[in-house]
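Structure first, then comments.
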Amino acid sequence: MRYLPLSAENREDMLARIGVAAIDDLFADAPRDALLTSPLDLPSRKSELEVERRLSALAGKNVAAGAVPFFVGAGAYKHHVPATVDHLIQRSEFLTSYTPYQPEISQGTLQVLFEFQTQVANLTGMEVANASMYDGSTGAAEAILMAHRVTRRRKALVSGGLHPHYAATARTLSDMAEDEIRILPPDPLASEDLIGALDDSLSCVVVQSPDVFGNPRDLRPLAEACRAKGVLLIAVVTEALALGLIESPGAMGADIVVGEGQSIGNGLNFGGPYLGLFAAREKYLRQMPGRLCGQTVDADGRRGFVLTLSTREQHIRREKATSNICTNSGLCALAFSIHLSLLGETGLKQLALINHANAVALADALEKVPGVKVLNRAFFNEFTLQVQGSAADLVERMAARGVLAGVPVSRLLPGAGLDDLLLVASSEVNTDEDRAVLLDALQAEMRA
Amino acid sequence: MNREGRPTQPQVATPHMPKTFTGNRALQVAEALIFETGRNDFTGVDLDPPAPFTPRLGGLERKSAIGLPGLSEPEAMRHYVRLSQKNYAIDLGPYPLGSCTMKHNPRLNEKMARLPGFADIHPLQPVSTVQGALELMEELAGWLLKLTNMQAVALSPKAGAHGEMCGMMAIKAAISARGEAATRKVVLAPESAHGTNPATAAALGFSVRVVPAGPDGLVHPDAVAAALGPDVAAIMLTNPNTCGLFERDIVEIARLVHAAGAYFYCDGANFNAIVGKVRPGDLGVDAMHINLHKTFSTPHGGGGPGSGPVVLSSRLAAFAPVPFLKREGERLTLVENAEGTEAFGRMTAFHGQMGMFVRALAYILSHGADGLAKASEDAVLAANYVRVSLGDVMSAPFGDKICMHEALFDDRWLKDTGITTLDFAKAMIDEGFHPMTIYFPLVVHGAMLIEPTESESLVSLTLFIATLRDLVFSALRGETERFLGAPHYAPRKRLDETAAARKPVLRWTPPQPVKA
Ligand SMILES: Cc1ncc(COP(=O)(O)O)c(C=O)c1O
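In order, the protein sequence lines correspond to chains A and B.
Counting from 3, one number per residue, gives the positions in the first sequence under our numbering.
Counting from 4, one number per residue, gives the positions in the second sequence under our numbering.
Have a look at this one:
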């Protein structure tokens, strides 16, 4: 087996040194009748070539986003990632190292984390950010728990604009933790009255902006109302690129910001691995989940970085920890950080502007198609389209025409009576031709 | 001298190390923060501005500056390559972190995960366009079920701790379905358990009752029996345990737990020791997470990402969270909404760590059933080889008991040397090794947990052992300078963690202008 360096002779010598006759003597504590004495009835080893053939065949059955006009979003976005990013994250020293528990030989990872935390804090307009969560949805669920600890209240209010899968993730954790959670009805027009729903029994209110229907939300009035009632405002961002163009949640008064960072530096990957961004006001630092990297000095007085404030974490605090998270999304954070350091502020804003321009062009064109209607007054790079009939059926028929047109709202919210709504995203990867193909196919379908 | 008069042999040995202008040491080059070298008005990505258009942002345009430096591509390349050179890695040498399983990461797996048909597909595109991806998930699930002899698998958990959360939620759902949610509020766990176990239980509103282990490092049935009662929901037991031992009485423990109406959660972080040798389903386990980033070698990436699928017994299978796969003849679909099912809910926005599924399946197919068992055997063999080769000079808490994939030592042998486990670990760094896991498990004083994995050759193991023996003798001879100031040769000397925690600096801020 190509990954195993020991030879048969090595194994014999080692067994002799250990003082046992056979390998199974080392498994003597396993129950006798549970120890397998022959290989399971499963395929045996394969060469590299065979594995490549098998997996390439499976990959070949999927329609890759880059192969078709592609307008699918709803929490995961197709963007161009510079080649440098994927090269660098495959450096052995980044790819094949563990969590930086020995800081003297992990300064590479640690400095990256320090830079990442700074980038995330600046981007979200917050004071501190952690070294990553699994993804945006688990980050949002953990933010609610954090708010409960900070306020010593145990009831969350969730906007109807939060991605339904985020809401379901949060509901599961809240129900299981026996906390209260109230999720408002789906809100395609961003017309819900969150301020009216506030009361001082709430620990937090969770609002996504742009929301799942694409509407950017002005958080300022809500932030003010929250402050008056001692309620924390948790802002969720599922398209991190939007922060290049839209006012940061921190500047609008959020107390905790969680985000999905996939858009920057990371591919679609069918939903994972992704990157949870988590930032907060410094006064809540000790209640934050996840790892934190901090600056310090070494014995010679030189600047260096270490994991810090680990008395919040499971390996020190056990059942009193702020979260059970251990492994996080380190390498995805590296990819994010590299891409963002290539973009810089100028590039990020430009890229965000291009996304918005493409989405505006698409919305303008779609509004001229008979039988469809753009619901949003405002949006960033994704909006809601009202079509005639079932959006899910339309998407299937469009796929048959070679266009991936978006996400039917019914896939996220079955039974909500929103079957005619379609979420359509457009980014820098969409060409004028992509747009033309989408429009043609849609016009053909609407006529049919 | 060659003909041009160029010296071709070193001439004088330098008596001392001269200072350098930069402070650098040849390949060890200092690297500033991007915030110190980058410029906010510079970008390393060429983007043309869009044609003029009327924005539709609803008046929420960003007004303030962000504070994000940009780097040209050559600057970025150099920044990250230099940083990478300050890291240790499996690809550089042994990384024997006990419990973490730092085995070789095959590059075939990276290549496969980057096929556009896997890397460039969206979790919400029509299922008709991702049949290959769903097939891959089904195939991986099939392997996991057969290797564990369990009933169902939830693929979506994002890492081991998330898998624990998933398994314990399934248990809580099952207990609620029996109408016992209000009474069964206790989870049993041994003191040696990983911190994620009590943290998970507590997050779900359980209180943790500690089960003591015996002097042999094992949990004994009578201790479990004494701790069980009608208030107990589950036991969380790691097998092989965090001391690197197979829980000999695991079947009897499972029987007692079930007889008391509770469930058996197994922390499967150490499954890599027994793949193809023992199936957890044959031991009475009800739920177990599998760290694909340990057992099936998806790279750790400096802290993540991982993947933590959870296998479930027939007692819990129905409660598995959404999404799950459903086969309808030739076609696979995803059940994404819990309503109308017994699923306890949802763990995350999408379907789990697809990128890790591809890598893990590539690893599994490469090994096959025979190779997987061989990998476990070699891992156990290597750990025992280390154990007997160091057992005469270092103290082992459980004597010369056979271990599984990791060998555990304590610090009794360091008594009166003035050297701690931490000092010993730091001295290993100077020798070119990553230290073992230290101070875990907590039940052993000054623990040193060595997991060599199956990836080390005998030559590599031999050097590792010889080095540790040399360090041991050095410590016993009182050569404290080798330890107390260690590491001497790493990119940094020992770092002040107390200062870091006392006054946390967690982000870069512009230097304050100096007052004249
Ligand atoms: C015994 C044990 N349990 C649980 C975990 C948690 O796994 P993860 O880091 O993937 O969340 C680990 C590893 O860190 C472990 O060693």
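Glycine is no exception: its CB is placed at the ideal position from the N, C-alpha and C atoms.
The structure displayed is predicted, hence computed values, not measured ones.
Less than 8 Å between the beta carbons of residue i and residue j, yes or no?
i	j	result
A:C334	A:A133	no
B:M359	B:T301	yes
B:G70	B:N43	yes
B:A363	B:L315	no
B:L192	B:N200	According to the sequence displayed, residue 192 of chain B carries Ala and not Leu. Result yes, Cβ atoms of B:A192 and B:N200 sit closer than 8 Å.
B:Y1	A:M16	Summary: the structure shown does not reach residue 1 of chain B, with chain B confined to residues 4 through 519, and so no result is reported for it.
B:D252	B:P215	no
A:A393	A:L444	no
A:G216	A:T386	yes
A:A78	B:P129	no
A:D300	B:R495	yes
A:L247	B:R212	no
B:Q356	A:P275	yes
B:V383	B:R472	no
A:L224	A:L196	yes
A:T298	B:D499	yes
B:P255	B:V222	Before going on, a small fix: residue 255 of chain B reads as Glu here, not Pro. For B:E255 and B:V222, no; Cβs fall outside 8 Å.
Quick one: residues in its chain with C-beta nearer than 8 Å to the C-beta of residue i, no 5 flanking neighbours on either side, listed in chain order?
i	result
A:P105	L112, G306, F307, V308 and L309
A:T171	S139, T140, A142 and A143
A:N432	P71, F72, F73, N360 and L364
B:M168	P160, T203, A206, L207 and M350
B:L111	A365 and S369
A:L420	P188, P190, V411 and S412
Express the C-alpha separation of residue j and residue i in angstroms, rounding to a whole number.
i	j	result
B:K329	A:P187	29 Å
A:L350	B:G135	34 Å
B:P516	B:E39	15 Å
B:T465	A:A354	55 Å
B:K280	B:E380	8 Å
B:L335	A:L406	19 Å
A:E117	B:A92	21 Å
A:G439	A:E369	Looking at the sequence shown, residue 439 of chain A is not Gly but Val. The straight-line gap from Cα to Cα measures roughly 16 Å.
B:G309	A:T329	6 Å
A:R13	B:L461	9 Å
B:G284	A:L125	47 Å
B:A430	B:A450	16 Å
A:S99	A:V114	13 Å
B:A162	A:I327	8 Å
B:G304	B:T23	33 Å
A:E54	A:A282	44 Å
B:V447	B:D413	6 Å
A:I20	B:S392	8 Å
Spatial neighbours of residue i within its chain, please: C-beta separation below 7 Å, excluding the five flanking residues on both sides.
i	result
B:S67	none
A:E284	E129 and V130
A:H341	V83, P84, V87, I266 and G267
B:L74	I37, G41, G47 and H82
B:G166	P160, H292, G311, P312 and V313
In the DSSP assignment, what are the bridge partners of residue i?
i	result
B:L191	B:R212 and B:I238
A:S108	B:N90
B:G220	Partner(s): none; B:G220 has no beta bridge.
A:K375	A:Q388
B:K106	For B:K106, which the question treats as bridged, DSSP gives no partner whatsoever.
B:Y266	B:A237
Spatial neighbours of residue i within its chain, please: C-beta separation below 6 Å, excluding the five flanking residues on both sides.
i	result
B:R390	C406 and A410
A:A145	I236, I258 and V260
A:L204	K157, L159 and V233
B:D433	A489, P490, H491 and Y492
A:E194	G162 and L186
B:A237	I174, V190, A265, Y266 and Y268
B:A320	Q154 and A155
Does the count of Cβ pairs from the segment 86 to 105 of chain B and the segment 376 to 385 of chain A closer than 8 Å reach three?
The segment 86 to 105 of chain B, when compared against the segment 376 to 385 of chain A, does not touch it at the 8 Å Cβ threshold.
Can you give me, in chain order, the residues of the segment 276 to 293 of chain B that have a beta carbon less than 8 Å from any beta carbon in chain D?
Here chain D cannot be found, since the structure's protein chains are A and B.
Segment contact, 8 Å Cβ cut-off, at least three pairs: the segment 41 to 49 of chain A with the segment 372 to 379 of chain B
Yes, the segment 41 to 49 of chain A touches the segment 372 to 379 of chain B.
The segment 253 to 260 of chain B touching the segment 132 to 152 of chain B, judged by at least three CB pairs closer than 8 Å
Output reads no: the segment 132 to 152 of chain B does not touch the segment 253 to 260 of chain B.
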